[in-house]
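Numbering (the numbering used here), first residue to last: 71 to 750. C-beta: ideal position from N, C-alpha, C; glycine also.
Below, the structure written as structure tokens:
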């Protein structure tokens, strides 16, 4: 017997259980990337075990076994998170409870618990991702859970799953207009509560520290970091080489890792400065809109340099740090859209050297002796010494351009003296290797210098006109302080590989045989076009769904002719839409009923009443056969029903007056229907 035939002959309970297990697995699968590895393995094993028990018709495990499994799940959660409190630990426990509860599917009450746990787990997926793909997957999960819920309330017998699925889809379809009306018109306000952050929770992206090699690994991530739309008249963006999106500024150095300033150091610099960054701008401002993907860090990405606070949604504040980056009042845990103005021509920082700038020339003792010796040689050069700090910077860049240095994603593992390794031994590296070695050399020359991390570049999506900045565009550059001019951007990577800054050359990881074969089979231009279309669709989802803020709502209502709506206006609009929806639903029901044959409706009502009594009959069965099966099942107590079914058949095929159906309808309401009885 084939698998399909075996499935068709399964008892209803077994079939329904297997279907529910498939739906539960579909709900859990998106969690795999966000929970410990043992969770999907454990949950999958439980679901397979439950499916095997249903397939073989064996008994479910006892309460002691379930208690032991639950205790094991709790202990594993404690081992993974050191707590059972928090979003990640809570989601892990919910997933395990859902899988464990399937081993208690004995009655309808147990099924109801599984349904509601499934709905809750489905919603928890949006804690990690609100992408269009996640929404589509959860829509399928919703329809699956609704189908299982409807099927659990179907009468006895073996109703087809397709019938339950159609009913579930109809329910979801009828509820969609109300959901859309509430989404569009319900007042947008800040939430009364938020999701607590987990200190163990991380996300790919920039960090407040930089280890040699971590940006190179980040470049392998091709996911979207943000999308940018330029709002300047004519929509002309700046040249690609000017697209420097400023992120964390790193000052402290231990020989291998770079860190942002500590809070006391930052406060000391701020107190010594009359303005947060002593920023002076020139030229025309460049206005743009950023849609920032969640990175669970507080910084906002803006083009260098943004003197004014970005226009943020209500409830989100920001301040400018002394090193020119904008910091939000809370970590960015959801897609954030804001507008900002930047000036590409600017100066910032004190014109004269201050005591607080000692932090920008400090180096760890005993490290990189050859770089220190190189700095001494440069200071001893009369021509360089007479040119001051700018001459030293130019000499270092000239060495990078002409010294045989290579820009590569795989420079190998650096030793203890990272700057020496780059300048004298390996002569190859990624942007963080190059910038770190450059800043170390500048500090050895007693020139204040620091590392700025962020994103450089992006690519224009021709479909929607947005610039897409990816994690692969992560970059690190340097800033040096020159007396009388302040802090100046210097990108030493551009000296090694001009293409990285001008044409946005992305280094690719080595590709395997499969990747090369796919490149040969599929036209890269077609792949790029499909990718652009998909990202444009995702961007539209971000703009109109995830970022449907109060300002967007007001703009939409103004476009509909409603200016400055009050709560009363929105309430009236909602009430009107609900009333229209109710009237439309009633009209649809009346129209649908009018489209059916009155005789068929009577036959369907009789079949439904018999199903309630425990006799489920296939819809193709004629009245005479129904009458015969009714008498076989219920005996003499069903004689009246059988006689009515025969009269119904006569009304269909024999000449009858127009009032015959009305009389049969009246008789149907007064028939003595048999009660449910066990099969003989």
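Does residue i come out as helix, strand or coil in the three-state DSSP assignment?
i, result
"residue 86", "helix"
"residue 323", "strand"
"residue 602", "helix"
"residue 361", "strand"
"residue 761", "Lying outside 71 to 750, the shown extent of the chain, residue 761 is not represented and no answer is given."
"residue 444", "helix"
"residue 564", "helix"
"residue 350", "strand"
"residue 688", "coil"
"residue 91", "helix"
"residue 583", "In this prediction, residue 583 scores a pLDDT of 42, lower than 50, which makes its location untrustworthy; the coordinate-derived value is nonetheless stated afterwards. Residue 583 falls in the helix class under three-state DSSP."
"residue 827", "This structure cannot settle anything about residue 827, because the visible part of the chain is limited to 71 through 750."
"residue 294", "strand"
"residue 742", "coil"
"residue 106", "coil"
"residue 732", "helix"
"residue 133", "helix"
"residue 647", "helix"
"residue 250", "helix"
"residue 379", "coil"
"residue 306", "coil"
"residue 607", "helix"
"residue 231", "helix"
"residue 374", "coil"
"residue 267", "Because residue 267 sits at a pLDDT of 47, beneath the cut-off of 50, its placement in the model cannot be relied upon, and the following sentence gives the value as read from the coordinates. In the structure shown, residue 267 sits in coil (DSSP, three-state: anything other than H, G, I, E or B)."
"residue 483", "coil"
"residue 274", "Note that residue 274 scores 47 on pLDDT, short of 50, meaning its location in the model is unreliable and no value can be drawn from it."
"residue 53", "Beyond the ends of the chain as shown, which are 71 and 750, falls residue 53; an answer cannot be given."
"residue 80", "coil"
"residue 653", "helix"
"residue 127", "coil"
Using 8 Å for Cβ pairs, my map puts residue i next to residue j. What's the rounded Cβ distance?
i, j, result
"residue 331", "residue 429", "7 Å"
"residue 503", "residue 248", "At roughly 57 Å, the Cβ-Cβ gap does not stay under 8 Å, so residue 503 and residue 248 are not in contact."
"residue 115", "residue 84", "Actually they do not touch by this definition, with Cβ atoms about 20 Å apart."
"residue 509", "residue 520", "7 Å"
"residue 301", "residue 359", "6 Å"
"residue 161", "residue 105", "7 Å"
"residue 565", "residue 471", "5 Å"
"residue 213", "residue 323", "Residue 213 to residue 323, Cβ: 55 Å. No contact."
"residue 314", "residue 524", "6 Å"
"residue 505", "residue 562", "6 Å"
"residue 218", "residue 90", "5 Å"
"residue 164", "residue 190", "6 Å"
Tell me, please, which residues DSSP counts as bridged to residue i.
i, result
"residue 546", "523"
"residue 299", "359"
"residue 552", "556"
"residue 369", "397"
"residue 328", "280 and 323"
"residue 16", "It is not possible to answer for residue 16, since the shown part of the chain is limited to 71 through 750."
"residue 477", "499"
"residue 314", "526"
Residue range of the alpha helix (DSSP H) that residue i falls in?
i, result
"residue 99", "Here residue 99 belongs to no alpha helix (DSSP H), and DSSP marks it neither H nor E."
"residue 494", "Where residue 494 is concerned, there is no enclosing alpha helix (DSSP H), given that its DSSP letter is neither H nor E."
"residue 208", "202–222"
"residue 457", "452–472"
"residue 669", "668–682"
Between which two residues does the beta strand (DSSP E) containing residue i stretch?
i, result
"residue 504", "Unbroken run through residue 504 is the alpha helix (DSSP H), 501–514; no beta strand (DSSP E)."
"residue 281", "279–281"
Completely contained alpha helix (DSSP H) runs for the region 136–196, where each covers 4 or more residues: 157–171 and 178–194
Entirely enclosed alpha helix (DSSP H) segments - the region 694–729, minimum 4 residues: 709–723
Length at least 4, wholly inside the region 381–438: the alpha helix (DSSP H) runs in chain order: none
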